[in-house]
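Working notes, structure below.
There are 2 protein chains.
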Amino acid sequence: MAPTHPLAALRADEITAASKLIRSLWPAEAKFQFKTVTLEEPPKALALAVLEAEHAGKSLPNVPRKVLVNYYLRNTNKFHEAIVNLSSGRVERNVRLGANVHGAGDGAEIIAVEKLALEHPDVKAEIAKLQLPEGAVVVCDPWIYGADGVNDDDRMWQCYLYTRDTANSSELDSCHYAHPLPISPVISTADMKLVRIDILPTGADNMIKPLGPIHIRPANEYIPEYQQLRTDLKPLNVVQPEGASFTVKNEGTSSIVAWQKWHMRVSFNQREGMVLHDIRYDNRPLFYRASLSDMNIPYADPRHPYHKKSAFDLGDVGAGLMANDLQLGCDCLGSIYYLSSVLTDDEGAPIEMPNVVCIHEQDAGIGWKHTNYRTMRAAVVRRRELVLQSIITVANYEYILAFIFDQTGAMEYEVRATGILSTQPIDDGVDVPFGTRVHPGVLAVHHQHIFSLRVDPHLDGSAKNRLVYEEAHAMPRSDFNPHGTGYEVHETVVSKAGGLDIDPFANRTFKIQNVASRNPINGKPVAYKIHIPAFQPMLADKQSFNYRRAEFADKAVYVVRNNSATDSRALVSDELYSGGKYTNQSRGDAGVRTWSKRGDSVVDEDIVVFVQFGLNHVPRIEDFPVMPVEIIKVGFKPVNFFDRNPALDVPPSVQAVNKSVGLNGEVEAKVGEDGKVESCCTKEPTAKL
Amino acid sequence: MAPTHPLAALRADEITAASKLIRSLWPAEAKFQFKTVTLEEPPKALALAVLEAEHAGKSLPNVPRKVLVNYYLRNTNKFHEAIVNLSSGRVERNVRLGANVHGAGDGAEIIAVEKLALEHPDVKAEIAKLQLPEGAVVVCDPWIYGADGVNDDDRMWQCYLYTRDTANSSELDSCHYAHPLPISPVISTADMKLVRIDILPTGADNMIKPLGPIHIRPANEYIPEYQQLRTDLKPLNVVQPEGASFTVKNEGTSSIVAWQKWHMRVSFNQREGMVLHDIRYDNRPLFYRASLSDMNIPYADPRHPYHKKSAFDLGDVGAGLMANDLQLGCDCLGSIYYLSSVLTDDEGAPIEMPNVVCIHEQDAGIGWKHTNYRTMRAAVVRRRELVLQSIITVANYEYILAFIFDQTGAMEYEVRATGILSTQPIDDGVDVPFGTRVHPGVLAVHHQHIFSLRVDPHLDGSAKNRLVYEEAHAMPRSDFNPHGTGYEVHETVVSKAGGLDIDPFANRTFKIQNVASRNPINGKPVAYKIHIPAFQPMLADKQSFNYRRAEFADKAVYVVRNNSATDSRALVSDELYSGGKYTNQSRGDAGVRTWSKRGDSVVDEDIVVFVQFGLNHVPRIEDFPVMPVEIIKVGFKPVNFFDRNPALDVPPSVQAVNKSVGLNGEVEAKVGEDGKVESCCTKEPTAKL
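Chains A and B, in that order, are what the protein sequence lines are.
Note that our numbering has the first sequence beginning at 1, numbered continuously upward.
Note that our numbering has the second sequence beginning at 1, numbered continuously upward.
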């Protein structure tokens, strides 16, 4: 195994060593609840020196290997942040964090909270009032408590209760979201005690009705054995007879992926999941670092306790911790390489996370085409893409998260939102303007998904970049524009750190530029433009905790100076997460909006760009009991970075390679009859579905 | 062959019969230039009766077979519109159209104009001033003349001239767009004469410089033999070992395509290209008719004659006429069925148009997934799509146009813009705010692509539909919303015909509803929502000819009443094309904005919806010499139309069917080395690229 790269995630032995060093600070009988044991990345300047040596084939400079540790003394509210220097074997920092700074949830804790809530006699007494059928199984979904400033200094979980289908209680995978109960226990984590039991409003207003016998609803299952499955979907296989076009140099806790002139280092951590460093095309640096920074999902129901449903899935739990173990043939199609990872459990011990990233190629239709109508010669290439994908399960919901690279120097970040809507009980016949009834007695409340992608550009090898936006505006009438048809594109340089909106009516387009590197043909600065799909910023009002906490959620773009460039004592981890380093029950004033208030100049400086995008999910009944993917993509495309179409050198799309099958001619009648094909390319039939 | 369906395109013999009937109206020596001989569709009410009988398995009612014919008396400006009734053998209408109503271009005419422009001695004399190298080959791109109201009553072509690479003049497929010349002849079509020669501005202002020796520029070729092709792209094949999942019932000039509960009738005509009728899901009608209505591409350069570059590719020439003959293994991947068509030449004779539509399935990633974290059971299905694709070549540019259907009842219309930028000469060192230098001496001017998709809804079997839009707005603070987090979604009914904007900040979402059909679970009207990507409406000012002509280009959505429902004498063809029936050199006041001014009520009426979308193309140097696809999609998704996720019954994604190949394990090292895979699923190597 190669030596661990300074940007690679922690190895299992490093995790063990770091938590051991933390334990050594305390008496032997101390009990710990570790929340994070993760790489504290070296400052960018140091890391760039490493990358320079790496690409020059020189030995890498010595970089201290540091670890960010967050932990509680178990069963207390004493939450700590520590920096462990593994190179020196010293704990460089170990501070108890202030009031209202809380650690994220973890798997063991969530299971413990579920158990406690379901077994508490007071909860059982409330459930008894519902007179559930014999054998009914109650299920508990603990939710991050959120924040409203009302008696919420303690760290708590708000639990939402459901039953499995009471007519089929033995079905462990029954969709309990079709059977919400109006009872919501609250558990505090410091002492793992029941704080109170909230009874939920089920009408159109905020009245709380006394509990009584519950109306039993039909099941609504998503698992296949409860469906009459389609029988007319024929298999579709992706075959790469000569193998994949990419290479993976697996170095343990990071890997170098190379494909079609792209190069990147892939690692994986607890909070962000997949992280890319040192993204290059044709050996020209593009981005020093790219990752999902956080996401926020505020819900529309203003009634207690629903008004606090506002999840930060990365900050509150961790995209790495919730990553799926991806299965061959299920989660990707074609020739797949899997990356695995090591994360940390609540005892500070390493846990294996197998197959958290899958890498594969996909065909994405035509890449470019032109037919010369004079000669009738067509030139056409297909568009091949490389996909690096993770899938996370956040209790009810899932997100399919992928970086996608193409042959034109473009990078996309794709989110597919799927999984199950978080539901709540509603009385029959009631309609509310903040949710949709998706099943009898079941309300799915509107919610926003606001994603924040962090991109640290390094265009053409310089950290000195700027953010500009261009807009297209009509020219005024003049002698130059006598017919009123002209329009112009103007560029505005963003001078100070801050947030910016989209403006589709002006065709506002954000670009990251390196003005020190100019296009050899047209003299324009090399740039990457950012394609941001239209999105509605957070709707909660500016005084609300939702707004104050999700500091990225009001603007499509934030730009700030890299904190490690301006403050040599700053931790890189302090400004990786646009909603703040500690989002659980956070009070705000700790994310990218706050950082941008430093008023730093961001012109030809070491800048970081946060791109926000998302959707306002107004549920359809078609989104239940499991939701078809909603797909959102952010794109980064070269603008005057190359000197011509970078995909000109993609080999032509030809039948000798593509081996498509024509269904016309001999087989036309058969296609017309039953969809079967027989031709020289037909393979032996595989197993029927 | 089945009898021709009343909605099917004209057969070859019908084309011949119709043009013969037109010829019979005139003296035998009359010469004709036919512009259109195409089906005049029956009024919707009549067509619906046909569809009802068809789906009931009854014999179809008798519907007169009518033909829309446009023709000139050759070498005159006498342009006619005629309706031929083939059932009765009578010409029902034959009128000479008024001043400033002109016919579209056709292939033969374009070739003739090129020849005339290049061979005219006056043009040759101007070209001589450029002192082109020995053997230089000049190429002519005739452009639709556009309109500015200045001496443009006659129908004309504006010709732009280029050379092939003068160092390689024998290369017939040299990209001449890298070598624009500053000379632009104008040809009138009535007499096929040279009207004048425009000399083009090449600086930043509108000064015209005297012609002199031209600066010879390097070549910039797109065809593969001039590239150093990538050698590391391995083949990727899509294999359907049991055949395709769709069936095609080919009835000659229309076909019934059925796939995964979808049903539609596909036909193809000269102007719109592919047209879909009777689109159903699970035998529930969704749309009576869907097609691309027109597109407009206005350019930003305000200087004569460039200010008149504003193409209507459907109205000015025809998406059908420009359709590519699609090739197996080049334009699609997998198992492909091709549809062919018959159109009309300028003599009114039928011309075969082979392989104008390709039909295939594609895998589109995960369709939905959920993992129960308590049992760790994952349920996942893939998303299969059916693609019906045409590709059109509009001189320099191409559009890849596709209807895409999925397994959740959703329909998409996808446009991929590719091909070559229309270029013009520019002096060295000059930058202009309305274009990008993409090659030495070559300016690619900014331009808007504004597409207009026409959808005639028939949700759940009723023509009585309404258009609504919903918006999400913050709730004011109140006792009900004490924390300022709540938000609501409100629906507004569009009462009168007219145009509407997008509003991303309000999450404005348009929906087509049938209020007479209610969701059985939540009582909401069945609906389809329209996903429209953010787009900038036309920038040309409201007094400009560009604006007045492209009546669809100012609003994302237009809704009108179906003209054949309100006026029994109306022709269906009068209101199919949102920029007007005759766009070539049109003067405006003839498209959807004008129709909407009737002020018709559109609530629970027979409505037609036009969806506009597009992009403002600010060229990058990466878009030359051929442009990577820009992809834009409009989506139509069911909202409370079904009673749960319609894709619940898609069989699970499993390895036994998907036959993916794992690259880890045994082959890990090999992948790390050279990307080769060897596993039990590996096929014999195919030919190397």
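C-beta: ideal position from N, C-alpha, C; glycine also.
DSSP bridge partner residues for residue i (one or two, in chain order)
{"i": "B/LEU161", "result": "B/CYS140"}
{"i": "B/LEU467", "result": "B/ILE512"}
{"i": "B/ASP294", "result": "B/SER452"}
{"i": "A/PHE505", "result": "None; A/PHE505 has no bridge partner."}
{"i": "B/PHE692", "result": "Because chain B is modelled from 1 through 689, residue 692 of chain B falls outside the range shown and cannot be assessed."}
{"i": "A/GLU40", "result": "A/LYS66"}
{"i": "B/HIS490", "result": "B/GLU471"}
{"i": "B/THR202", "result": "Looking at the DSSP assignment, B/THR202 forms no beta bridge with any residue, so it has no partner."}
Whether residue i touches residue j by CB criterion (8 Å)
{"i": "A/ASN640", "j": "B/ILE420", "result": "no"}
{"i": "A/VAL239", "j": "B/ARG383", "result": "no"}
{"i": "A/TYR338", "j": "A/LEU321", "result": "no"}
{"i": "A/GLY579", "j": "A/PHE312", "result": "yes"}
{"i": "B/VAL650", "j": "B/GLN362", "result": "no"}
{"i": "A/ASN562", "j": "A/GLN513", "result": "no"}
{"i": "A/ARG230", "j": "B/GLN260", "result": "yes"}
{"i": "A/GLY441", "j": "A/ASP428", "result": "yes"}
{"i": "B/PRO210", "j": "B/LEU130", "result": "no"}
{"i": "A/VAL169", "j": "A/ALA136", "result": "Checking the sequence, you will find Ser at residue 169 of chain A rather than Val. It is a contact, given that the beta carbons lie within the stated cut-off."}
{"i": "A/PRO142", "j": "A/TRP157", "result": "yes"}
{"i": "B/ILE336", "j": "A/SER660", "result": "yes"}
{"i": "B/VAL455", "j": "B/ALA290", "result": "yes"}
{"i": "B/ARG155", "j": "B/ASN206", "result": "no"}
{"i": "B/ALA472", "j": "A/LEU663", "result": "no"}
{"i": "B/CYS330", "j": "A/VAL380", "result": "yes"}
{"i": "B/GLY103", "j": "B/ASN584", "result": "yes"}
Beta-carbon contacts of residue i that lie in its chain and below 6 Å, excluding the five residues immediately before and after
{"i": "A/LYS529", "result": "THR509, LYS511, LYS637, VAL639"}
{"i": "B/ALA669", "result": "Because the pLDDT at B/ALA669 is just 36, under 50, the model does not fix this residue reliably, and the point stays unresolved."}
{"i": "B/ARG549", "result": "SER586, GLY588"}
{"i": "B/SER310", "result": "GLY146, PRO298, ASN546"}
{"i": "A/PRO6", "result": "PRO42, VAL50, VAL63"}
{"i": "A/ARG416", "result": "ILE400, VAL629, ILE631"}
{"i": "A/LEU333", "result": "VAL238"}
Proximal residues to residue i (C-beta, below 8 Å), its chain only, five neighbours per side dropped
{"i": "B/LEU97", "result": "PHE79, HIS80, GLU81, TYR582"}
{"i": "A/VAL342", "result": "ALA9, LEU10, ARG11, ALA12, ILE15, THR253, PRO350, ILE351, GLU352, MET353"}
Residues near residue i in its chain [Cβ-Cβ closer than 7 Å; skip 5 each side]
{"i": "B/VAL468", "result": "GLU491, THR492, VAL493, VAL494, LYS511, GLN513"}
{"i": "A/ASN507", "result": "GLU471, ALA472"}
TODO: Only counting runs of 3 or more residues, tell me where the beta strand (DSSP E) segments fall wholly within the segment 533-621 of chain A, in order along the chain.
DONE: 557-561, 605-617
Open item on the list: To test your reading of the DSSP string, which unbroken beta strand (DSSP E) runs of 3 or more residues are found completely within the segment 103-154 of chain A?
Closed with: 138-144
TODO: Return the residues of the segment 150-161 of chain A that lie within a Cβ-Cβ distance of less than 7 Å from chain B, sorted by chain order.
DONE: none
Open item on the list: Suppose only complete runs of 3+ residues qualify. What are the beta strand (DSSP E) ranges in the segment 329-409 of chain B, listed by chain order?
Closed with: 335-344, 350-372, 377-394, 397-405
Open item on the list: Residues of the segment 241-262 of chain B in Cβ contact with chain A at a cutoff of 7 Å, in chain order, please.
Closed with: PRO241, GLU242, GLY243, ALA244, SER245, PHE246, THR247, VAL248, LYS249, ASN250, GLN260
Task: Residues, ordered as in the chain, of the segment 198-230 of chain A that lie near chain B by beta-carbon distance below 9 Å - done: ASP205, ASN206, ASN220, GLU221, TYR222, ILE223, PRO224, TYR226, GLN227, GLN228, LEU229, ARG230
TODO: Pull out every residue of the segment 633-660 of chain A whose Cβ sits closer than 9 Å to any Cβ of chain B, in chain order.
DONE: LYS637, PRO638, VAL639, ASN640, PHE641, PHE642, ASP643, ARG644, ASN645, PRO646, ALA647, LEU648, ASP649, VAL650, PRO651, PRO652, SER653, VAL654, GLN655, ALA656, VAL657, ASN658, LYS659, SER660
- [ ] Using a Cβ-Cβ cut-off of less than 8 Å, give me the residues of the segment 373-394 of chain B that come near chain A, in sequence order.
- [x] TYR373, ARG374, THR375, ARG377, ALA378, ALA379, VAL380, ARG382, ARG383, ARG384, ILE391, THR393
Open item on the list: Tell me which residues of the segment 617-633 of chain B have at least one Cβ-Cβ distance to chain A shorter than 9 Å, keeping chain order.
Closed with: VAL618, ARG620, ILE621, GLU622, ASP623, PHE624, PRO625, VAL626, MET627, PRO628, VAL629, ILE631
TODO: Check each residue of the segment 530-541 of chain A: if its Cβ is closer than 8 Å to any Cβ of chain B, include it; give the result in chain order.
DONE: PRO533, ALA534, PHE535, GLN536, PRO537, LEU539, ALA540, ASP541
TODO: Anything in the segment 260-280 of chain B with a Cβ closer than 7 Å to a Cβ of chain A? List those residues in chain order, please.
DONE: GLN260
Task: Selection of the segment 90-105 of chain A by Cβ proximity to chain B, strictly under 7 Å - done: none
Open item on the list: If the cut-off is 8 Å on Cβ atoms, which residues from the segment 449-467 of chain A count as contacting chain B, listed in chain order?
Closed with: none
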